[in-house]
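S.K.: Residue numbers (our numbering): 1 to 304.
Positions of the beta carbon are idealized from the N, C-alpha and C atoms, including for glycine.
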Ligand SMILES: C[S@@+](CC[C@H](N)C(=O)[O-])C[C@H]1O[C@@H](n2cnc3c(N)ncnc32)[C@H](O)[C@@H]1O
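(1) Is residue 175 buried or exposed, if buried means 16 or more other CB atoms sit within 10 Å of its CB?
(2) Look up residue 268 in the DSSP assignment and say whether it is helix, strand or coil.
(3) Out of 21, 234 and 163, point me to the one whose CA is closest to residue 77's CA.
(4) How about residue 144 and residue 203: do their beta carbons lie closer than 8 Å?
(5) Can residue 160 be considered in contact with ligand 1, in the sense that its beta carbon sits closer than 7 Å to one or more heavy atoms?
(6) Since residue 58 and residue 11 are thought to touch, with beta carbons under 8 Å apart, how far apart are those beta carbons, to the nearest angstrom?
(7) Return the Cβ separation of residue 31 and residue 107 in integer angstroms, given the expectation that the two are a contact with Cβ distance under 8 Å.
(8) Rounded to whole angstroms, what is the Cα-Cα separation between residue 73 and residue 8?
(9) On the three-state DSSP scale, how would you describe residue 27?
(10) Whole angstroms are fine: how far does the CA of residue 69 sit from the CA of residue 1?
(11) Taking 7 Å as the cut-off, is the CB of residue 188 close to at least one heavy atom of ligand 1?
(12) Work out the CA separation of residue 25 and residue 130 for me, nearest whole Å.
(13) Identify whether residue 210 lies in helix, strand or coil by the three-state DSSP scheme.
(14) Could you check whether the Cβ of residue 229 sits closer than 7 Å to any heavy atom belonging to ligand 1?
(15) Give every residue of the same chain whose Cβ lies closer than 6 Å to the Cβ of residue 259, excluding the five residues on either side of it in the sequence, and list them in chain order.
(16) Can you determine whether any heavy atom of ligand 1 sits closer than 7 Å to the C-beta of residue 137, and answer yes or no?
(17) Between residue 186 and residue 229, is the Cβ-Cβ spacing less than 8 Å?
(18) For the alpha helix (DSSP H) that residue 256 lies in, which residues bound it at each end?
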């Protein structure tokens, strides 16, 4: 018998060890966490399939040598190739729900999760039969979260990327929402335009691409693993939102609202449309650059 037993590696110790390596490496934490310890816990919990509502006993669990070695290899992949953890373990969290992700879709992180958590109050009551559209659905996270938390809502989810639609379909199936989340392949509203009367919504929500050319050129390596169609939006970052502002009014019912994330393109947008009465929403859990407009605002604007 070997008298020199290898010390047992616990979940807690492995998280600390990997966090130290992440901390010392030149990493960007912007895909679901904002620091080395959380990023490490994301990797270790995700790989081991541990419950995130875990107790102290989870942290004291011992990990087999085989799992430690495997996680160390994934840690190396994170550091050497700057691949976000979400892609390494094919798992992301949004609005408290788990999603399958891979490099065909952007990693969910929109502050729109907080609006869903707050039931879109006071802007719209989704506890009655209503129809919504998620424009640029990616992994399907926004559409699926809305359908999960509001049982009377049916929602269409558009994307131009066939790859993204494949991933969204995986997530819709995973969350058993095939009957209420309907995928549509479309370049923004194009595929709906021949039958506008059939595509009328109480809520249009969108996290479209909005990164400008300059920011694309300086963004950290981690973002380059994401599909460029999910990020880039022309020189000024406004290409997508221009189309949305132009067309969304035609697809909103009376009293319908449009909610769009434009992140740090907020200022460019305000400068370009000084007369549009954007309502910029506040977030307690972080995030800025999400506006709300009504159908009336859009129609008035487009008349001129
Ligand atoms: C910023 S990502 C958001 C994905 C997801 N809604 C989220 O919050 O994680 C933008 C999405 O818009 C899609 N997209 C880009 N251009 C589009 C277009 N012309 N028409 C429809 N969708 C488009 C991209 O494929 C991508 O999935």
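M.R.: Working from what's here:
(1) buried
(2) helix
(3) The shortest C-alpha to C-alpha distance from residue 77 to any of 21, 234 and 163 is the one to 21.
(4) no
(5) yes
(6) 6 Å
(7) 4 Å
(8) 19 Å
(9) coil
(10) Any reading at residue 1 must be qualified, since the residue scores a pLDDT of 47, below 50, and its modelled position is unreliable; the value itself is stated next. Approximately 23 Å between the Cα atoms of the pair.
(11) yes
(12) Approximately 48 Å, taken between the alpha carbons.
(13) coil
(14) yes
(15) The beta carbon of residue 259 sits closer than 6 Å to those of 205 and 292, all from its chain and outside the five residues before and after it, given in chain order.
(16) yes
(17) no
(18) Residue range 252 to 261 is occupied by the beta strand (DSSP E) that includes residue 256, with no alpha helix (DSSP H) assigned at that position.
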